[in-house]
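Residue numbers (the numbering used here): 240 to 522. Notes follow the structure.
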Amino acid sequence: MAQPSTTDHHTVGAAARLLGATTRTLHHWDTVGLVSPFERTPAGYRLYTAADLARAHRVLVYRELGVALDAIGALLDAPAADALSTLRRQRDELGARIDRLGQMAAAVDRMIEARESGILLSAEDQIAIVGGDWQPAWVDQAREQWGDTPQWAQYAERAATRSAEDWQRITADTEALHADLAAACRSGVVPGDPRANTLAERHRVSLASYFDCTHAMHVCLGRRYASDPGYVAYYDALAPGLTAWLRDIIDANARANGTDPATATWEVGRCGDAAAGTAPTSN
Numbered sequence: 240m241a242q243p244s245t246t247d248h249h250t251v252g253a254a255a256r257l258l259g260a261t262t263r264t265l266h267h268w269d270t271v272g273l274v275s276p277f278e279r280t281p282a283g284y285r286l287y288t289a290a291d292l293a294r295a296h297r298v299l300v301y302r303e304l305g306v307a308l309d310a311i312g313a314l315l316d317a318p319a320a321d322a323l324s325t326l327r328r329q330r331d332e333l334g335a336r337i338d339r340l341g342q343m344a345a346a347v348d349r350m351i352e353a354r355e356s357g358i359l360l361s362a363e364d365q366i367a368i369v370g371g372d373w374q375p376a377w378v379d380q381a382r383e384q385w386g387d388t389p390q391w392a393q394y395a396e397r398a399a400t401r402s403a404e405d406w407q408r409i410t411a412d413t414e415a416l417h418a419d420l421a422a423a424c425r426s427g428v429v430p431g432d433p434r435a436n437t438l439a440e441r442h443r444v445s446l447a448s449y450f451d452c453t454h455a456m457h458v459c460l461g462r463r464y465a466s467d468p469g470y471v472a473y474y475d476a477l478a479p480g481l482t483a484w485l486r487d488i489i490d491a492n493a494r495a496n497g498t499d500p501a502t503a504t505w506e507v508g509r510c511g512d513a514a515a516g517t518a519p520t521s522n
């Protein structure tokens with residue numbers, strides 16, 4: 240019996256190079272009976288004929304289309320009508336996948352835009368929703384100062400999914416919180432009082448609209464509020480002394496939750512440096 244010609248038959252290594260696959264892949268396909276070359280060298284090594292290579296190429300095409308490996312064998316050996324039906328189903332699945340990928344790409348685009356701009360609202364919409372005292376430039380300033388922090392990344396990720404209605408709800412919740420803080424301060428509620436702790440915790444939780452905030456981070460923010468003239472002017476306009484009172488109730492609430500304000504630090508730096516993410520909020 241004549242030996243097969245090496246011109247028309249390829250070793251597993253040569254076949255792998257021609258197909259752009261690995262020898263391990265071809266060995267696996269042989270093991271599972273998907274592409275099993277019949278020819279062998281005198282030493283028993285596999286030899287792939289042109290028909291073997293053609294079948295292996297079809298396997299690669301089906302894999303690229305997303306067909307499961309255990310379904311490819313039946314597809315290759317199916318009658319033409321059955322194979323056509325399977326391919327049509329696969330086309331529909333690919334169309335659905337393309338739609339999903341398009342939606343994911345759009346979401347990534349929104350994420351990029353949010354990471355760059357901080358909020359997916361026009362300047363006019365920002366003022367209309369937040370109020371006339373809001374300055375859209377604050378968001379740009381915040382991005383320039385804290386754009387490389389984890390808190391800004393969280394802020395951008397959450398902003399990317401929000402509509403104008405979402406921002407209206409957040410603004411309304413913040414305004415209600417500030418009104419309750421101002422009323423408690425004016426009425427003489429002292430830090431450590433259960434009512435004050437409840438308000439401090441509401442304030443901390445409200446920051447979750449923007450980024451995750453631990454009690455230690457909350458203490459850092461309270462100190463930042465009390466030392467920043469802009470925040471002092473904002474809060475004290477709601478009630479005289481509100482800024483210092485807010486800092487004090489934040490400290491007392493942190494203490495009640497097992498955090499010592501004297502040793503509290505920001506997650507990624509010194510407490511005094513930690514206002515990451517605060518400027519784009521109205522808390």
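By construction, the Cβ of each residue, glycine as well, lies at the ideal position given by its N, Cα and C atoms.
Residue(s) in a DSSP beta bridge with residue i
i: Y192; result: Residue 192 lies beyond the residue range present for the chain, which begins at 240 and ends at 522; the question has no answer from this structure.
i: R279; result: R285
From the options, residue whose alpha carbon lies closest to that of residue i
i: A260; options: R297, G283, D247, E278; result: R297
i: A421; options: V458, G431, P500, L477; result: L477
i: A295; options: Y284, H267, A317; result: H267
i: R336; options: V271, D499, V306, V458; result: V306
i: E303; options: R279, T498, E332, M456; result: E332
i: G480; options: R328, V300, R425, G283; result: R425
i: C452; options: A503, E404, V428; result: A503
i: T413; options: G427, V428, M456, Y474; result: Y474
i: V428; options: W484, R330, D316, V271; result: W484
Cβ neighbour criterion (16 or more within 10 Å) applied to residue i
i: A435; result: buried
i: A395; result: buried
i: G461; result: buried
i: S445; result: buried
i: A293; result: exposed
i: D247; result: exposed
i: A398; result: buried
i: S324; result: exposed
i: S448; result: buried
i: H417; result: buried
i: R486; result: buried
i: L360; result: The pLDDT assigned to L360 is 44, lower than 50, so where the model puts this residue is not dependable; a value taken from the coordinates is nonetheless given after this. Classification of L360: buried, given that the 10 Å Cβ count is 16 or more.
i: W505; result: buried
i: V458; result: buried
i: P468; result: exposed
i: A310; result: exposed
i: P500; result: buried
Contacting residues, own chain, Cβ-Cβ under 8 Å from residue i (five flanking each side not counted)
i: T262; result: V251, G252, A255
i: A423; result: R434, A435, L438
i: L299; result: L258, G259, A260
i: T498; result: T453, H454, A455, V458
i: Y470; result: R463, Y464, T482
Anticipated Cβ contact below 8 Å, residue i with residue j, distance rounded
i: Y464; j: T437; result: 19 Å between Cβ atoms; not a contact.
i: H442; j: A493; result: With 8 Å as the limit, H442 and A493 do not qualify as a contact, their Cβ atoms being about 11 Å apart.
i: G312; j: L265; result: Contact doesn't hold; Cβ gap of about 15 Å is too wide.
Close-in-space but distant-in-sequence residues of the same chain around residue i (CB under 6 Å, 5 per side omitted)
i: A495; result: N436
i: S275; result: D269
i: G431; result: A491
i: I488; result: P430, A435, A439
i: F450; result: Q390, Q393, Y394, G516
i: Y287; result: H249, A254, P276
i: R409; result: The sequence shown places Ile at residue 409, not Arg. Same-chain partners within the cutoff: S448.
i: S466; result: none
7 Å Cβ shell around residue i - same chain, five flanking residues per side excluded
i: L257; result: H249, L292
i: G283; result: none
i: T280; result: L286
is_contact[residue i, chain B] using C-beta, thresh 7 Å
i: A465; result: Protein chains in the displayed structure number just one, and chain B is not present.
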